[in-house]
Amino acid sequence: MSEGKATKTKQLQYITKTDILQLILRGRVFLALIIVVTVFALVSPGFLKIANIIIMSKHVAIFAILGIGMTFVILSAGIDLSVGSIAGLSAMIAGGLINEGIQLPQFGVIIYPNIWMVIIITLLVGILMGAINGVVITRFKVAPFIATLGMLYIARGFAGLRNNGYTFSNLIGKPEFGNTGFEQLGASNFLGVDYSIWIMLVFALVAYFVTTRLPFGRHVYAVGGNRRAAALSGVRTNRTETIVYMISGFCSAMVGLIIASQLVAAHPATGTAFELTAIAAVVLGGTSLMGGRGSIGGTIIGAFVIGVLSDGLVILGFSTFLQNIIKGIVIVAAVVIDQIQISMQERIALQRQELK
Amino acid sequence: MSKPAIVSNSSGPDTGVILRTENITKVFPGTVALDQVNYNIYQGKINVLVGENGAGKSTLMKILVGNEQCTKGRVILEGEEIRVRSPEDALRHGIGIIYQELDLCPNMSIAENIFLAREVVRRGIIDKKTQQQRTRELIQRLEHKIDPNTLVSDLRIGAQQIVTIAKALSQDTRILVMDEPTSALSTNEVKVLFRVIYELKSHGITIVYISHKLDEVLQIGDCITVLRDGRLVAEEVVKNVDLHWVIEKMIGRKLETLFTRKRHKIGKVLLRVEDITLPRVGGGYVVNHASFELHKGEILGIFGMKGAGRSEMLECLVGANPRATGKILLKGQDIGGNTTLKRIQAGLVLVPEDRQRDGLVLTLSVAHNMILASLKKYLNRFRLFLVRKKEEKAVNTLIKELSIRVADPRNLVVSLSGGNQQKVVVAKGLLTSPKVLMLDEPTRGIDVGAKHEVFEIMESLAAQGYGILFVSSELKEILAMSDRILVMSKGTITGEFTREEATDAKLINASVVGNGLSNEDKQ
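Read top to bottom, the protein sequences are chains A and B.
Its first residue numbered 937, the first sequence is counted upward by one per residue in the numbering used here.
Its first residue numbered 1283, the second sequence is counted upward by one per residue in the numbering used here.
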């Protein structure tokens, strides 16, 4: 940075002006969240009560957890359309394990795993579905959009098949089978905060740590930013991509468990269209669909913007139709601003170059 | 060096200039693609434009035909400034282009392609008869007989080329730009194409002809313009020049003082490569049974024209191409069957030619790019997470060692100049603690000062005992830097010279074996 002195004053002015604008644009999601919260707090007095905040956070947690998995996928320049369906399938698997157990007719026994086993098996199923996505994408070179679109249908189909389209209801288990307590996951709290919110916080912290401090996280950014350069640097790109979908599957299964537990029932349509909200949260949080650019923190804030917006609009009595319109506008506007920021950055870079 | 080159116009072409550019400058993030280019296109002539890859030929043409906008400068057509914002604008001014990759729809007929988006319509319905009639006339004018209803996918490449020319002519093109028109043609088809070009010229159409094949250029051109590193370096009448003049202008650099190496000791064999072979899809070889040795502390230069297979050979060595075969022995150990990761760990590292495409992750910061290939080194005791202190220490050491000019290593890597970006890629390679460093055109697109620094780095690395493979198309660089020089042509190693033996002429002669000077061995 050794530009001539003659241009220095002019340039300084320019930079300070654009720097402020840049700062606003960079922190836009957080700004949006503050604005949304302020507006609702002013219009509806009960909005900032602890009870309301906890209820809203519970809603947000679902999409934030899906969004965390989705962030990994989108950072690697992929997309996962199957998260909602995997959540639905996971709910059905957990429900089946609790109500029907694992039936082994050839031995004439039914094994009822305890709740911890149910949770672990369900999460493993989620990881497996993600792994299938990953393998189809990396080994068979299927575009992520298509591969996960296929999985969207397949997982939803299996979810329906599991109980012929019926719900597994009353998932409280039986004391004699030793599988009670599933509803705790959705209903109980720790220090007054629901488990699902704790799960979201833990997932977010771990994901933040993974993306910023683990070699794997760097690999994800590198694969999304420039696959060739990453491969030439010795990054195992196929493995990285596969793991990314496994993480997304894991997060989806967690969401399936939380929803089933909250309802104390597993419905095969659980999580329908959730993938879109998850993608919206990620994009709103500033992660580029092109890959390589974005953060977990952004996704969490993005999920909160969407969650607070939906709940706030309900509280204010807006119709569902109006809610949809407003949400749609917010999502598109976020990306428009994203593009403006990128082109502005490029312009500034060019101008600096020319000054040299 | 930033002054525009002196254009010798003493014996300039006798006809007027139909189109000229005035101080055209194009800046891309990280590079200056065109630097104050004053380019002249002479009316009714075949204007050939040559230059190395990345010299700015394509960018210049994209600006003329409206696919790119220039950062600065003007385009003047017949004395009047024009603004070309889109290909449609260019066509309105009579400027058409035929691209290297033919831009035809293979699923449609010749006539449909020619009148695509300009269909002849009568009462809202496409008038097929008129379209076919006019297509027939156009193709006849080009001395061909093809049924206008033939699907383009059924035509051979040469015939497709004719269709694109017909398409351009149907749009009343006065200036026709041809970007590498012969790259996919057989010798016979080239002859036909040349006849067509002469025919067009006789009809008063101005041709701009871009090619890497210098013999062709000298055969067909009336006037020649040479670009190098985004600057116009020479403009001449073709009659007055020969192949050596062109090569010299293209790659020669008046930088004799560029670098003089200190001598130092060369050690034992470090890398032995045997029979590296990469077959080409559709027959032949991209890399043809290449074998060589590299010693400790040696800089081995690899010279050749574009497409000689140099970069491809390095890519084979680093394991980027699964179809490559051959033996690679590093310190006696065969690492030929390993993945890229394993080869890097064994001590082989590549600094690729196209740093933005293959070397850098542009969405990441300078620091994160530098440590990308060596992340394992910065893990904590339990080898689980990255320790920021260790990262910073490595990054700062390399920034100082290679004197990379960056305000803050956390800045995005795109914010650096080309030379500094190149150093980041080198730093990334060095951080993997390699034994052999392969540098593919490390000085491409960076300014003279940065080039000098890159050479200094190479020199000191060689003195430290690294083995260095150095690919360059710049003769002077190769001659100045190498202890030994290999020359490649058409995938084969066609010459090996010691530092003392090597001369300009010997290297050029070896680099055009079976390639440039004669037409015989072209199939």
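Note that beta-carbon positions come from the ideal geometry of N, C-alpha and C, so glycine has one too.
If you're wondering where the values come from, they're calculated on a predicted model, not measured in any experiment.
Whose C-beta lies closer than 6 Å to the C-beta of B:Glu1471 among residues of the same chain, with five residues either side of it excluded? Within the second sequence, numbered from 1, the residue matching residue 1471 of chain B stands at position 189. So the qualifying residues of the chain are Gly1440.
Per DSSP, cross-strand counterpart(s) of B:His1577: Sequence index remark: in the second sequence, residue 1577 of chain B carries index 295 (1-based). BP columns for B:His1577 point to B:Val1551.
Return the chain-ordered ranges of every beta strand (DSSP E) run that is complete within the segment 1743-1783 of chain B and spans a minimum of 3 residues. 1749-1754, 1766-1771, 1774-1780
Consult DSSP for B:Glu1360 and reduce its assignment to one of helix, strand or coil. Position 78 of the second sequence, counted from the first residue, corresponds to residue 1360 of chain B. Secondary structure of B:Glu1360 (DSSP, three-state): coil.
If I'm right that B:Ile1380 touches B:Asp1461 with Cβ under 8 Å, what's the distance once you round it to whole angstroms? Locating residue 1380 of chain B in the second sequence gives position 98, where the first residue counts as 1. Locating residue 1461 of chain B in the second sequence gives position 179, where the first residue counts as 1. The pair is a contact, with the Cβ atoms about 7 Å apart (cut-off 8 Å).
For A:Ser1169, would you say it is in contact with chain B, using Cβ-to-Cβ distances shorter than 7 Å as the test? By one-based count along the first sequence, residue 1169 of chain A stands at place 233. It does: the Cβ of A:Ser1169 has a partner Cβ on chain B nearer than 7 Å.
Where does the unbroken alpha helix (DSSP H) through A:Asn1240 begin, and where does it stop? Numbered from 1 along the first sequence, position 304 holds the residue referred to as residue 1240 of chain A. A quick correction: the sequence has Phe, not Asn, at residue 1240 of chain A. Looking at the DSSP string, the run of the alpha helix (DSSP H) that includes A:Phe1240 is 1232-1251.
Looking at A:Val1061 and A:Ser1184, is the spacing between their C-beta atoms short of 7 Å? Position 248 of the first sequence, counted from the start, is the residue given in the question as residue 1184 of chain A. Position 125 of the first sequence, counted from the start, is the residue given in the question as residue 1061 of chain A. Remark: C-beta atoms of A:Ser1184 and A:Val1061 do not approach each other more closely than 7 Å.
Residues of chain A with CB closer than 8 Å to the CB of B:Gly1641, please, in chain order. As a position in the second sequence, residue 1641 of chain B is number 359, starting the count at 1. Neighbours of B:Gly1641 on chain A, chain order: Ala1165, Leu1168.
Quick one: list the residues of chain E neighbouring A:Phe1145, beta-carbon separation under 9 Å, in chain order. Among the protein chains of the structure shown, namely A and B, there is no chain E.
Pull up the CB-CB distance for B:Gly1773 and B:Val1563, whole angstroms please, since I reckon it's below 8 Å. One-based indexing of the second sequence puts residue 1773 of chain B at position 491. One-based indexing of the second sequence puts residue 1563 of chain B at position 281. That pair is no contact at about 13 Å.
Below 8 Å CB to CB, which residues in the same chain sit around A:Gly1316 once its five sequence neighbours on both sides are set aside? Since the first residue of chain A shown is 937 and the last is 1292, residue 1316 of chain A is not available in this structure.
Excluding the five sequence neighbours on either side, which residues of its own chain have a C-beta within less than 6 Å of the C-beta of B:Leu1482, listed in chain order? Taking the first residue of the second sequence as 1, we reach residue 1482 of chain B at position 200. Answer for B:Leu1482: no residue qualifies.
Would you say A:Ala1158 reaches chain B, if we count a Cβ-Cβ gap shorter than 7 Å as a contact? Numbered from its first residue, the first sequence carries residue 1158 of chain A at position 222. Any Cβ of chain B closer than 7 Å to the Cβ of A:Ala1158 would place that residue at the interface, and such an atom is present.
Got a sec, what are the start and stop residues for the alpha helix (DSSP H) A:Gly1093 sits in? The residue given as residue 1093 of chain A occupies position 157 in the first sequence. Note, A:Gly1093: alpha helix (DSSP H), 1080-1098.
Please look up how many angstroms separate the CB atoms of A:Ile1232 and A:Ile1063, rounded, as I've assumed it's under 8 Å. On the first sequence, position 296 is the one that residue 1232 of chain A refers to. On the first sequence, position 127 is the one that residue 1063 of chain A refers to. 19 Å between Cβ atoms; not a contact.
Strictly below 7 Å CB to CB, what residues from chain B border A:Arg1154? Stepping through the first sequence from its first residue, residue 1154 of chain A is reached at position 218. In chain order: His1650, Leu1654, Leu1657.
Does the count of Cβ pairs from the segment 1730-1749 of chain B and the segment 1708-1717 of chain B closer than 8 Å reach three? Flag = yes, the segment 1730-1749 of chain B and the segment 1708-1717 of chain B touch.
Pairwise C-alpha distance: A:Ser1169 and B:Gly1641: Reading the second sequence from its first residue, position 359 is the one you call residue 1641 of chain B. Reading the first sequence from its first residue, position 233 is the one you call residue 1169 of chain A. So the alpha carbons of these two residues sit roughly 8 Å apart.
Touching or not, the segment 1213-1232 of chain A and the segment 980-991 of chain A, by the rule of three or more beta carbon pairs under 8 Å? no
Beta carbon of B:Leu1514: closer than 6 Å to some heavy atom of the ligand SAH? As presented, the structure is devoid of all ligands, the ligand SAH included, so that no description of it is given.
Can you tell me whether DSSP reads B:Ile1288 as helix, strand or coil? Here residue 1288 of chain B refers to the residue found at position 6 when the second sequence is read from its first residue. Residue placement at B:Ile1288 is flagged as unreliable, the pLDDT there being 40, under the threshold of 50; the coordinate-derived value follows with that caveat. B:Ile1288: coil per DSSP, three-state reduction.
Using a C-beta to C-beta distance shorter than 7 Å, which residues of chain B count as neighbours of A:Arg1149? Taking the first residue of the first sequence as 1, we reach residue 1149 of chain A at position 213. For a Cβ distance threshold of 7 Å, residue set Phe1667, Leu1668 of chain B lies close to A:Arg1149, ordered along the chain.
Relative to chain B, which residues along the segment 1221-1240 of chain A have a C-beta separation below 7 Å, given in chain order? Gly1228, Arg1229
Closer than 8 Å by beta-carbon distance: list the chain B residues that pair up with A:Arg1172, in chain order. Counted from its first residue, the first sequence places residue 1172 of chain A at position 236. Those within 8 Å of A:Arg1172 in chain B are Thr1621, Leu1623.
Examine chain A for any beta-carbon lying closer than 7 Å to the beta-carbon of B:Leu1342, and answer yes or no. Your numbering for residue 1342 of chain B matches position 60 in the second sequence. For B:Leu1342, the answer is no, since every Cβ of chain A falls outside 7 Å of its Cβ.
Which residue comes first and which comes last in the alpha helix (DSSP H) that contains A:Thr1173? Counted from its first residue, the first sequence places residue 1173 of chain A at position 237. Where A:Thr1173 is concerned, the enclosing alpha helix (DSSP H) stretches over 1173-1199.
In angstroms, rounded to a whole number, what distance separates the CA positions of B:Asp1436 and B:Arg1477? Counting from 1 along the second sequence, the entry for residue 1436 of chain B is found at position 154. Counting from 1 along the second sequence, the entry for residue 1477 of chain B is found at position 195. Rounded to whole angstroms, B:Asp1436 to B:Arg1477 spans 23 Å at the Cα level.
Residues bridged to B:Ile1584 by DSSP? Looking up residue 1584 of chain B in the second sequence gives position 302. Note: B:Ile1584 sits in a beta bridge opposite B:Val1753, B:Leu1768.
Neighbour flag for B:Leu1630 against chain A, beta carbons, 7 Å: If you number the second sequence from 1, residue 1630 of chain B lands on position 348. Chain A contact via Cβ: absent.
Contact check, B:Gly1583 vs B:Ser1764, beta carbons under 7 Å: Locating residue 1583 of chain B in the second sequence gives position 301, counting from the first residue. Locating residue 1764 of chain B in the second sequence gives position 482, counting from the first residue. The answer is yes: Cβ separation under 7 Å.
For A:Asn1162, which residues in chain B fall below 9 Å Cβ to Cβ? Position 226 of the first sequence, counting from 1, holds the residue named residue 1162 of chain A. Those are Gln1638, Arg1639, Asp1640, Gly1641, Leu1642, Val1643, Leu1644, Thr1645, Leu1646, listed as they occur along chain B.
Excluding the five sequence neighbours on either side, which residues of its own chain have a C-beta within less than 7 Å of the C-beta of B:Asn1322, listed in chain order? For the purposes of this step, residue 1322 of chain B is taken as residue 40 along the second sequence, with counting starting at 1. Excluding residues within five positions, the ones whose Cβ falls inside 7 Å are Val1299, Arg1302, Glu1517.
Beta-carbon neighbours of B:Val1568, restricted to chain A and to distances below 8 Å: Here residue 1568 of chain B refers to the residue found at position 286 when the second sequence is read from its first residue. Listed along the chain, the chain A residues whose CB falls inside 8 Å of the CB of B:Val1568 amount to none; the nearest CB is some 17 Å away.
Selection from B:Met1740, B:Cys1352, B:Lys1344, B:Tyr1324 that minimises the alpha carbon distance to B:Gln1318: Counted from its first residue, the second sequence places residue 1318 of chain B at position 36. Checking every option, the nearest Cα to that of B:Gln1318 belongs to B:Cys1352.
Note down, in chain order, every chain A residue with its Cβ under 8 Å from the Cβ of B:Lys1710. Translated into positions along the second sequence, residue 1710 of chain B becomes position 428. Taking the beta carbon of B:Lys1710 as reference, the chain A residues within 8 Å of it are Ser1169, listed in sequence order.
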